[in-house]
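*Asks:* Quick note, the sequences are listed as chains A and B, same order. Residue numbers for the first sequence follow full-length UniProt numbering, beginning at 1 and rising by one. Residue numbers for the second sequence follow full-length UniProt numbering, beginning at 1 and rising by one. We put the CB at the ideal spot given by N, CA and C, even for glycine.
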Amino acid sequence: MFYRESGDFKSSYEQDSQTFPIKFDRFRYYAVLAIAFLVVPFVINDYWANAILLPFLIYAIAAIGLNILVGYAGQVSLGTGGFMAVGAYACYKFMTMMPEVSMFVHVLLAGGMTAIVCVVFGLPSLRIKGFYLAVATLAAQFFLVWLFNRVPWFYNYSASGQISAPERDVFGILITGPNAPAWATYMFSLIFLTLCAVIARNLTRGTIGRSWMAIRDMDIAAEIIGVNPLKAKLTAFAVSGFFIGISGALFFSVYLGAVEVGEAFGISKSFLVLFMVIIGGLGSIFGSFAGAAFLVLLPVVLKVVGVDVLGWPTDIVAHFQLVIVGALIIVFLIAEPHGMAQLWRVAKEKLRLWPFPH
Amino acid sequence: MPDQFLFATEVFINGLMAGVLYALVALGFVLIYKASGIFNYAQGVMALFAAMTLVGIMNGQVPFSHIINAVFGTDIHHFGWHVPAFLAILLTVGVMVLFAWLVQRLVMRHLVGQEPIILFMATIGLAYFLEGVSDLMWGSEIKKLDIGLPQGGSFWIEDMTAGLGSDNFYGFFIDNLDMVATVVAALLVIGLVLFSQYTKQGRAMRAVADDHQAALSVGISLNFIWVLVWSVAGFVALVAGIMWGTKSGVQFSLSLIALKALPVLMLGGFTSIPGAIVGGLIIGVGEKLFEFSVGPLVGGATENWFAYVLALLFLVFRPQGLFGEKIIERV
């Protein structure tokens, strides 16, 4: 009743194969976009931007990137933290080398840089797969973090070994640095997220996406039917690296402002993003959003309930968070291996017939 | 003999000893992987949990005292008794068996037939869960573990080798604990081999590792075998936890030794016990020698990544690892 497709006729191939074939879906999507772009920037304040919205937007980009690699192409990666670090450091170097260029360009260049690095570390995927590859990507994680820690050129020989974002703008509006207004940082990240989501959605619907999924489902069979595994795997690594690099660049420049590589981009970041993908739903763009929202909100909610309401010490709440996240992952894998995206799909199926049982 | 050579030899020997400790952790992975095809990421956290439980039992700590105190406003910490090390180890083994049973009952049984990568992710979830539980149970502060193992450098070896080099060579520094660990690891491997070759359960375990369905059809209970395997892995984790805990204190970083064991596994092959040991030795020696020879040139701390990069390069040429079974894929 709430979700209907009757009377929604398609009379051309274009209409039939559009991103949101159901009218209701499409309008809901426009409504969400309208609220995100036209309402939120006017009501946003610093707390909402920094505690919830910015991390959500940025992690959602990273989750989309990782979902392309893990969910669509089936190449498990535990090196996300390292690749985000590449994005952050590339962005930092571009920001300091070319101060006059728009911040927008810096972030895109950082994404491109990360894509190259990601492809280099993806090369072994042509020979090794499964667990071996998952573990091999840890090499990227540890090596890259070590590199950014040890080679002073990357952090411009600063005494602390940290990188901190200088003030940069887009069309005269300050985006980075402590004086950047909340709405500007929010809009900047939102634009990137929207672009990434649209690109990812369309890539996964097209030829490249199909070849990724063929490789994921069974690589040898895919090879036999004419999918080029080299091209499919490396494009997956490149696209995924591009998105992850963008999110790393935003994470450093827009969100945190100053970064110490081991802390901000350690192995726990890799797992966090992987959990977003698992809980949200493997192989689903919407799932990346859902997973990111869930894991960004969970600590906030737990802190409010545990510390503010119940008055427990913060360390106990932090440990509870580990227990809850761990348990949730297991529960999700057992009950719904396709994550929150699948729950949403099932809910939609039910709503189609509601209130009739069948 | 030239000093440089002696130093290198010392590094080599210490690398071997460190490799044994890596191999100890890697063994637990191999056991579970062979028997059930599950790549158990939680092995390192199991070592942490085992070591924490051992310390907790020895000191008579009240489990979950932190959270009990927070909820009920009480102030309890210890039962007030001390359990001797041997008994405490037995009790800890009991706890690990219980844990194995729970894991089998609540998690793995529901995931039978899922893709390997789903199982792997489930064990990552398990690792987080267990880490949180062990912190809630025993507190997250660094604890000292002392069950009477010798520690510090061996004076005997230092005195024996002091005369070999010139004046600035004071003899080999070799840690007593590492030597004990080597002996324990050797005994453990011999014990595991004997167990799997000469006992009924061991044979059943190997049968399950070979072929689940065939094992099931000749009347082997998969549930029992999996509980058994997780228990044995828990025991191996306890041994590893004791060694690492005595060496550097029982704390969160203990669970990160799992990350050190992964390249060992890649190098040796996921399915081979000898592979775990040889891989451990190669990684241990390799990373110590690399740090010794190349480390100073590139800023040090190469131990963080050397093992991974070595394993990665190696895998490109031999994807199944040194002793792994050849991967045959059919469409």
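Measuring CA to CA, which of B:303, B:5, B:216, B:44 is closest to residue 242 (chain B)?
*Replies:* Comparing Cα positions, the closest option is B:44.
*Asks:* How many whole angstroms separate the CB atoms of residue 165 (chain A) and residue 81 (chain A), which I take to be in contact at a CB cut-off of 8 Å?
*Replies:* Rounded to whole angstroms, the Cβ separation of residue 165 (chain A) and residue 81 (chain A) is 19 Å, and the two are not in contact under 8 Å.
*Asks:* Quick one: list the residues of chain A neighbouring residue 110 (chain B), beta-carbon separation under 8 Å, in chain order.
*Replies:* 334
*Asks:* Quick one, are the C-beta atoms of residue 88 (chain A) and residue 243 (chain A) less than 8 Å apart?
*Replies:* Their beta carbons are not under 8 Å apart, which means residue 88 (chain A) does not touch residue 243 (chain A) by this criterion.
*Asks:* Check whether chain B comes within 8 Å of residue 319 (chain A), counting only Cβ atoms and requiring the distance to be less than that.
*Replies:* yes
*Asks:* Hey, how far is the Cα of residue 288 (chain B) from the Cα of residue 152 (chain B)?
*Replies:* 19 Å
*Asks:* I want to see whether chain B comes within less than 8 Å of residue 143 (chain A), judged by CB atoms only; does it?
*Replies:* yes
*Asks:* Residues of the segment 50-77 of chain B with a CB closer than 9 Å to any CB of chain A: list them in chain order, please.
*Replies:* 66, 67, 70, 71
*Asks:* Which value, in whole angstroms, describes the spacing of the CA atoms of residue 181 (chain B) and residue 94 (chain A)?
*Replies:* 50 Å
*Asks:* Kindly list, in the order they appear in chain A, the residues whose Cβ is closer than 8 Å to that of residue 211 (chain B).
*Replies:* Chain A residues near residue 211 (chain B): none, gap ~20 Å exceeds 8 Å.
*Asks:* List the residues of chain A that residue 40 (chain B) touches, going by C-beta distances under 7 Å, in chain order.
*Replies:* Result: empty, since nearest Cβ-Cβ is about 11 Å, beyond 7 Å.
*Asks:* Flag this pair as yes or no: are the beta carbons of residue 83 (chain B) and residue 58 (chain B) separated by less than 8 Å?
*Replies:* yes
*Asks:* Comparing alpha-carbon positions, which option in A:229, A:335, A:47, A:248 lies nearest residue 79 (chain A)?
*Replies:* A:248
*Asks:* Taking the alpha-carbon positions, what's the residue 75 (chain B) to residue 137 (chain B) distance?
*Replies:* 15 Å
*Asks:* Rounded to whole angstroms, what's the CA-CA distance from residue 348 (chain A) to residue 23 (chain A)? Just pull it up for me.
*Replies:* 14 Å
*Asks:* Could one say the Cβ of residue 226 (chain B) lies closer than 8 Å to chain A's Cβ atoms, at least one of them?
*Replies:* Not closer than 8 Å to any Cβ of chain A, the Cβ of residue 226 (chain B) fails to qualify, so no.
*Asks:* Alpha carbon to alpha carbon, what distance is there between residue 277 (chain A) and residue 55 (chain B)?
*Replies:* Residue 55 (chain B) and residue 277 (chain A): Cα-Cα distance of roughly 37 Å.
*Asks:* Residue 270 (chain B) versus chain A: which residues are under 7 Å apart at the beta carbon?
*Replies:* 131
*Asks:* In chain order, what residues of the same chain have a beta carbon less than 6 Å from the beta carbon of residue 239 (chain A), not counting five sequence neighbours either side?
*Replies:* So the qualifying residues of the chain are 68.
*Asks:* Starting from residue 4 (chain B), trace the alpha helix (DSSP H) both ways and give me its first and last residue.
*Replies:* 3-36
*Asks:* For a cutoff of 8 Å on Cβ pairs, would you count residue 84 (chain B) as touching chain A?
*Replies:* Residue-level contact by beta carbon fails for residue 84 (chain B) and chain A, as no gap is shorter than 8 Å.
*Asks:* Could you tell me whether any Cβ in chain B is nearer than 8 Å to the Cβ of residue 313 (chain A)?
*Replies:* Yes, because at least one Cβ of chain B sits closer than 8 Å to the Cβ of residue 313 (chain A).
*Asks:* So residue 37 (chain A) and residue 29 (chain A) are in contact, right, with Cβ under 8 Å, and what is the actual spacing, rounded?
*Replies:* At roughly 12 Å, the Cβ-Cβ gap does not stay under 8 Å, so residue 37 (chain A) and residue 29 (chain A) are not in contact.
*Asks:* Examine chain A for any beta-carbon lying closer than 8 Å to the beta-carbon of residue 129 (chain B), and answer yes or no.
*Replies:* Residue 129 (chain B) counts as touching chain A.
*Asks:* Comparing the C-beta of residue 271 (chain A) with each C-beta of chain B, is any distance below 8 Å?
*Replies:* At least one chain B Cβ lies under 8 Å of residue 271 (chain A).
*Asks:* Which chain A residues sit within Cβ distance under 8 Å of residue 315 (chain B)?
*Replies:* 124, 127, 128, 132, 136
*Asks:* Using a Cβ-Cβ distance cut-off of 8 Å, determine whether residue 302 (chain A) contacts chain B.
*Replies:* Chain B contact via Cβ: absent.
*Asks:* Given a threshold of 16 other Cβ atoms within 10 Å of its Cβ, counted over all protein chains shown, does residue 46 (chain A) qualify as buried or as exposed?
*Replies:* exposed
*Asks:* Which residues does DSSP list as the beta-bridge partners of residue 264 (chain A)?
*Replies:* Partner(s): none; residue 264 (chain A) has no beta bridge.
*Asks:* Give the interface partners of residue 329 (chain A) over in chain B, defined as CB-CB distance under 9 Å, in chain order.
*Replies:* 121, 122, 124, 125, 126, 128, 129
*Asks:* At the level of alpha carbons, what is the spacing between residue 10 (chain A) and residue 16 (chain A)?
*Replies:* 6 Å
*Asks:* When DSSP labels each residue in this structure, what does residue 75 (chain A) get in the three-state scheme?
*Replies:* coil
*Asks:* I want to know whether the segment 122-141 of chain A touches the segment 69-77 of chain A - three or more CB-CB distances under 8 Å.
*Replies:* yes
*Asks:* Quick one: list the residues of chain B neighbouring residue 150 (chain A), beta-carbon separation under 8 Å, in chain order.
*Replies:* Simply 298, 299, 300, 301.
*Asks:* In chain order, what residues of the segment 139-156 of chain B put their CB closer than 7 Å to some CB of chain A?
*Replies:* 140
*Asks:* Determine which residues of the segment 277-297 of chain A have a Cβ less than 8 Å from any Cβ of chain B, and write them out in chain order.
*Replies:* 278
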